[in-house]
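Novice: Quick one: structure below, then a few questions.
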Amino acid sequence: MSQPLDPEMFTGCSHVTSPFRIGGKWTPKIIRCLEAGPRRFSELEVPLRGITPKVLTETLRSMERDGLVTRTVHGGIPPRVDYELSTLGRTLLAPMAACCAWAAAHLPELRDARDARDVRDVRNVRDVRAAHGSSAPAPALARTHETGPGRKTGPPSLSPNVEAS
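Just add 1028 to the spot in the sequence shown (first one is 1) and you have our numbering.
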């Protein structure tokens, strides 16, 4: 049996949304969890904080459909189900490592570019409202696309109550 997954295995990871997309939101983390060998559903839940059982099930099914993981049902009561990276799934490990290295090296530039774009988006909304004579206050862009000091999670969004800095 392999070592248990570290519940903190993703704690040091940047929570900035990656510019690279492999499958869905959780697919890269599931691939990392399966890198060392087969895992049961309950083992995968440990480091994947925030994922619901429904979303984990849907993601694993999607990955199985795409040929990235294999699902093995072992007899018994209750039946034991293991998930493992397929040969095709393992081919993603090297490109994912390269993407992680690139993102780590360019994270400040990535944040700066996203922040600059967010500020431009807010200005554009304000300009449009001013041109149309809207008396409603122009919304400021909530910085919700990253985490860290003073940052929240989630996609960037317009919020009438949060000023962009």
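Glycine residues also receive a C-beta, built at the ideal position from the N, C-alpha and C atoms.
If you're wondering where the values come from, they're calculated on a predicted model, not measured in any experiment.
Give the straight-line distance between the Cα atoms of Pro1081 and Asp1140, rounded to the nearest whole angstrom.
Specialist: Cα-Cα distance, rounded: 35 angstroms.
Novice: Could you have a look at Glu1063 and say whether DSSP puts it in helix, strand or coil?
Specialist: Residue state, collapsed to three classes: coil.
Novice: Can you tell me where the alpha helix (DSSP H) with His1134 in it begins and where it stops?
Specialist: His1134 -> alpha helix (DSSP H) spans Leu1121 to Ala1159.
Novice: Can you list, in chain order, the residues of its chain with a C-beta nearer than 6 angstroms to that of Gln1031? Leave out the 5 residues immediately preceding and following it.
Specialist: Cβ within range, chain order: n/a, list empty.
Novice: Need the endpoints of the beta strand (DSSP E) that Leu1113 sits in, please.
Specialist: Taken as a continuous stretch (DSSP letters only), the beta strand (DSSP E) holding Leu1113 covers Arg1108 to Leu1113.
Novice: What distance in whole Å lies between the Cβ atoms of Thr1100 and Val1109, which are believed to be in contact at a cut-off of 8 angstroms?
Specialist: Indeed they touch by this definition, with Cβ atoms about 7 angstroms apart.
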